[in-house]
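*Asks:* In terms of UniProt numbering, the sequence shown is residues 1 to 250. All C-beta atoms, glycine included, are put in the ideal place defined by N, C-alpha and C.
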Amino acid sequence: MMNVNETYQKFADYYDAYAGAFDKDLAFYTSLCRPDEKILEVGCGTGRVLQRFLNDGFQITGVDISDEMLAVAKQKLASFCHSGNLVILHHNFFEHPLPEVYDRVLVTWFTFNYILETPENFLKNLVASMDSQAMLAMDVFYPRTFTNPNVNDVWTTRQLTYHGRVITVQDKRTVSGDMEERIQIYRENGKETHIHTRRKYYPPHILKQLLECAGLMEIMFSEQYESNAFKPTLEEHEIVEHFVVNAKKP
1 MMNVNETYQK FADYYDAYAG AFDKDLAFYT SLCRPDEKIL EVGCGTGRVL
51 QRFLNDGFQI TGVDISDEML AVAKQKLASF CHSGNLVILH HNFFEHPLPE
101 VYDRVLVTWF TFNYILETPE NFLKNLVASM DSQAMLAMDV FYPRTFTNPN
151 VNDVWTTRQL TYHGRVITVQ DKRTVSGDME ERIQIYRENG KETHIHTRRK
201 YYPPHILKQL LECAGLMEIM FSEQYESNAF KPTLEEHEIV EHFVVNAKKP
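1) Can you find the residues in the same chain that come closer than 6 Å, C-beta to C-beta, to D103, ignoring five residues on each side of it along the sequence?
2) Where in the region 141 to 212 do unbroken runs of the alpha helix (DSSP H), each at least 4 residues long, occur, reported from the N-terminal end onward?
3) Note down the Cα distance separating T61 from G47, rounded to an integer number of angstroms.
4) What does the alpha-carbon distance come out to for the pair R198 and E100?
5) Are I88 and L70 closer than 8 Å when you measure CB to CB?
6) Inspect the beta-carbon positions of A19 and E68 and report whether they are closer than 8 Å.
7) Quick one: Cα of R34 to Cα of I195, how far?
8) Is Y225 near D56, with beta carbons less than 8 Å apart?
9) In three-state DSSP terms, what is K24?
10) DSSP on A134, reduced to helix/strand/coil?
11) Evaluate I239 with the Cβ neighbour count: other Cβ atoms within 10 Å of its Cβ, from every protein chain shown; 16 or more gives buried, anything less gives exposed.
12) Starting from R34, trace the alpha helix (DSSP H) in both directions and tell me its first and last residue.
13) With C-beta atoms as the reference, is A17 less than 8 Å away from Y162?
14) How would you label S176, buried or exposed, when you count the other beta carbons within 10 angstroms and need 16 or more for buried?
15) Do you know offhand how far K200's Cα is from P143's?
16) Nearest-angstrom Cα distance between T108 and T174?
17) Quick one: which unbroken alpha helix (DSSP H) runs of 4-plus residues sit fully inside the region 41 to 76? Chain order, please.
18) Does any CB atom of chain B fall closer than 8 Å to the CB of D23?
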């Protein structure tokens with residue numbers, strides 16, 4: 001697994017500016033859950049998804065392995081922490097399960113793709129943190145260069161504005177086999193921050209095998225953020241940007 005702590009120590013200051021406006025998945029996640037369920041988000045980052053659940057009246061627990069990202073989430077969502085509707089934990093599923101079990105587990109926005117090796121260890125501890133009959137949903141990325149080879153190994157530039165900040169981002173993705181290498185350069189007020197990440201693509205059939213080996217069943221796929229769009233198989237030619245896998249613990 002990549003050195004996530006070092007990467008997100010740098011990225012935490014820019015994450016909300018870069019990803020905060022993305023909301024296509026939020027209504028989808030809440031539609032999968034009931035307010036009476038114990039809900040867990042894995043890879044909660046700075047709280048983008050947590051915020052939606054809390055605003056809609058849910059109680060939820062968020063975990064991440066980046067102290068810096070969690071510090072931002074705790075600051076943004078302090079009132080929900082104080083009310084007891086939100087629990088934020090630093091936790092690494094490669095090491096052990098959580099002490100409590102949950103009814104619905106969400107592994108959001110490509111968190112699973114940052115697992116570069118031994119995903120079986122991660123899934124074993126994740127499933128051990130699920131109650132009987134609990135459901136798991138994971139959002140998995142599909143490399144952009146698979147559908148548009150012209151963007152492979154090409155620099156792009158865009159400008160972000162966020163709460164009065166103006167940030168210029170240069171971005172380059174290079175895909176080789178099932179691995180994506182990405183370099184981002186953030187520039188703000190003369191400061192330059194380089195962030196290097198690696199993500200692994202897991203095709204639907206491989207992911208299904210991993211989930212079955214972890215003890216999950218009723219595995220379904222959707223290439224859309226729609227709770228009624230799940231189906232038992234998904235061909236790669238159907239995928240555009242991502243897919244979601246849903247599975248049940250017996």
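*Replies:* On the basis of the supplied data:
1) E37, K38, D131, A134
2) 144 to 147
3) 11 Å
4) 31 Å
5) yes
6) no
7) 37 Å
8) no
9) coil
10) strand
11) buried
12) Segment: none, R34 is in no alpha helix (DSSP H) and carries neither H nor E.
13) yes
14) exposed
15) 9 Å
16) 23 Å
17) 48 to 55, 67 to 76
18) Among the protein chains of the structure shown there is no chain B, as only one such chain exists.
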